[in-house]
Amino acid sequence: MAILGSIIKAAIDLRGAIVSEKSPVEAQKEVLKNHLEKAKGTAFGKYYGFDKILEAENIQKAFAEAVPYFDYHEMEQAWWQQTQEGLADITWPGSPKYFARSSGTTGKSSKKIPVTEDMIEAIRTTGIKQVGALTNFEIPSDFFEKEIMMLGSSTDLEEQDQFLEGEISGISASNIPFWFRGYYKPGEEIAQMDDWDKKVETIAKNARQWDIGALSGIPSWMELMMKEVIAYHNANNIHEIWPNLQVYTSGGVAFQPYEKSFNQLLAHPITVIDTYLASEGFLAFQNRPDTTAMKLVTDNGIYFEFVPFKPEYINEDGSLSQKAPALTIAEVEENVDYVLIISTVSGAWRYLIGDTIAFTDVQKAEIKITGRTKFFLNVVGSQLSVNKMEVALREMESKFDIKIPEFTLAAVKINDEFYHHWYLGTEAQTNSEKIAEALDNALKEANKNYAVARSKALKGVKVTTVNPNVFHEWNAKNKKKGGQVKMEKVMDKEKFSEWEAFVKSEIS
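So that you can map any letter, position 207 of the sequence shown is 396 in the working numbering, and since no number is skipped, the others follow by simple counting.
Written out as structure tokens, the structure is:
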């Protein structure tokens, strides 16, 4: 038995036994109160009367009534732009050291989201919570002696005026605790590389030198890295290179769409743990093995609100109507889609992060990500969420015995009639007409609004299959490879035309 691993595991177990958690409801009340107390002297706090809100009998209700919803552009133009110009105490005390750059999945230019020292500490604390949760899984003691491959964007941050800028994965990796650096791979020198292809090539060359026990990163880019390592060493699977690989933490996106293709790169199953790390903070992580849901971090740096995900509350551009009601964690129900609203220790207030979630267990504050507000396809009343799309695609994988790790679609007009045109990323030889028919039927059964739309204005479904690499190259062309980059699942008419032209150029 690995002595050091046993000691570390025992220490984590002991900490878990000693530290007791408050209920999510009470923890959230305390988080909001602390936020308001700390930020009441900022320009934002003075403008929206945080002092007065703190005097209210129901602080959560008073906060919701006094402060409007903000999407990124509203927050940036009204408040964060002043922070970028060097002014202090705008939405959070002092000035942030970092700005997290994020193009997200829909933006044409990078967003710049402040990352304060308080947020760095909150992310670090949640990271420790997640490591502590590993003892809930059936993982042997020697795992805690193995190295961890964290595949993200470059940790070589760019200086912009008095700030350092980079993706949140790069900022987080550049702030890892000193005691963890011996376990961290690919190491600081390789992690600083900005060229994705060169970084992966260097990882492949060095792979056999490392005893990797865990992987962490976006599934699509992790798959590409593993394929490169396997090919470089002429191996059959990744376990021939890293025999002690036992855990994968999927960051930022759900793992299920990639499960089938990911598992083909392994010699045997590993423990997969979903996490929810966004540019705005570390929001949730999978806390136990008998669910794929993630536990919201309700006691550390983020106050959550939940708006029912209904068409009448969503504006055409994906932003939120100010008339939309917000619920606290004490008021939510299970299996209902909500738009997620956050207020953070980086000075984001009632901020529309763009994700929709559903509670799988309210008492445990466990959620699953169900989609994006901008990836809600409601042309001619179809009301399709990403969650419904992905459930239908998993059915297609099973029915046709294929892998579909990537997809995108749009509502298009052909001869004055609307169709949903899907592009599916798969390496399999398929009959597109049969998949289109099966996909259409699956969506009709899963979504009554879609079924109604198909009986009226929505004429039909078209499917085009392309190699998954086309999706990766599209991201490389429009944003960059690696890091937190994710594929947009629903496109508007203009973006879809660009996409189709790109696909033709790639396959011609």
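Ideal Cβ placement from N, Cα and C applies to all residues, glycine included. The structure displayed is predicted, hence computed values, not measured ones.
Less than 7 angstroms separating the beta-carbons of residue i and residue j?
i, j, result
"proline 189", "isoleucine 518", "Residue coverage of the chain in this structure runs from 190 to 697, which leaves residue 189 outside it and unanswerable."
"proline 133", "proline 329", "This structure gives no information on residue 133, because the portion of the chain shown stretches from 190 to 697."
"lysine 484", "alanine 473", "yes"
"isoleucine 360", "tyrosine 421", "no"
"valine 220", "tyrosine 237", "no"
"isoleucine 407", "threonine 391", "no"
"tryptophan 281", "glycine 560", "no"
"threonine 487", "alanine 216", "yes"
"asparagine 364", "isoleucine 309", "yes"
"isoleucine 242", "phenylalanine 233", "no"
"histidine 224", "tyrosine 492", "yes"
"alanine 627", "lysine 588", "yes"
"arginine 539", "phenylalanine 259", "yes"
"alanine 617", "alanine 581", "no"
"phenylalanine 451", "glutamate 417", "no"
Go ahead and label residue i buried or exposed: buried means 16 or more other beta carbons lie within 10 angstroms of its beta carbon, across all protein chains shown.
i, result
"lysine 318", "buried"
"glutamate 677", "buried"
"lysine 645", "exposed"
"arginine 477", "exposed"
"proline 713", "No answer is possible for residue 713: the residues shown for the chain start at 190 and end at 697."
"isoleucine 593", "buried"
"proline 500", "exposed"
"asparagine 664", "buried"
"serine 694", "exposed"
"glutamate 254", "exposed"
"proline 514", "exposed"
"glutamate 687", "exposed"
"glutamine 249", "buried"
"glycine 230", "exposed"
"threonine 464", "buried"
"glutamate 348", "exposed"
"glycine 440", "buried"
"glutamate 210", "exposed"
"glutamine 475", "buried"
"serine 705", "Here the chain covers residues 190 to 697 and nothing more, so residue 705 does not appear."
Under the assumption that residue i contacts residue j (Cβ atoms under 8 angstroms), give the Cβ distance between them as a whole number of angstroms.
i, j, result
"glutamate 469", "isoleucine 542", "6 angstroms"
"leucine 516", "phenylalanine 495", "5 angstroms"
"alanine 482", "aspartate 550", "7 angstroms"
Can you determine whether any heavy atom of the ligand FAD sits closer than 6 angstroms to the C-beta of residue i, and answer yes or no?
i, result
"threonine 481", "The model on display carries no ligand, and the ligand FAD is accordingly not part of it."
Under 7 angstroms, Cβ to Cβ, is there at least one residue of chain D near residue i?
i, result
"glutamate 348", "Although the question refers to chain D, the structure presented lacks it and comprises just one protein chain."
Do the segment 417 to 437 and the segment 649 to 664 touch if we need at least three Cβ pairs shorter than 8 angstroms?
no
Can you list the beta strand (DSSP E) stretches of 3 or more residues lying completely in the segment 366 to 431, in chain order?
Residue ranges of uninterrupted beta strand (DSSP E) with 3 or more members, entirely inside the segment 366 to 431 and ordered along the chain, are 401 to 406.
Contact between the segment 396 to 409 and the segment 325 to 341 is defined here as three or more beta-carbon pairs at a separation below 8 angstroms; is this criterion met?
yes
For the pair the segment 517 to 536 and the segment 433 to 448, tell me if three or more CB-CB distances fall below 8 angstroms.
Touching, no, given that fewer than three Cβ pairs across the two stretches are closer than 8 angstroms.
Counting pairs of Cβ atoms below 8 angstroms between the segment 633 to 652 and the segment 591 to 608, do you hit three or more?
yes
Examine the Cβ distances between the segment 593 to 601 and the segment 676 to 693 and report whether three or more of them are shorter than 8 angstroms.
yes
When you compare the segment 320 to 327 with the segment 262 to 271, are there three or more beta-carbon pairs, one atom per stretch, that lie closer than 8 angstroms?
The segment 320 to 327 vs the segment 262 to 271: no contact.
Which runs of the alpha helix (DSSP H) at least 4 residues long sit entirely within the segment 258 to 306? Give them in chain order.
261 to 264 and 270 to 273
Could you name each continuous alpha helix (DSSP H) segment of 4 residues or more that falls completely within the segment 522 to 598, going from the start of the chain to the end?
575 to 589
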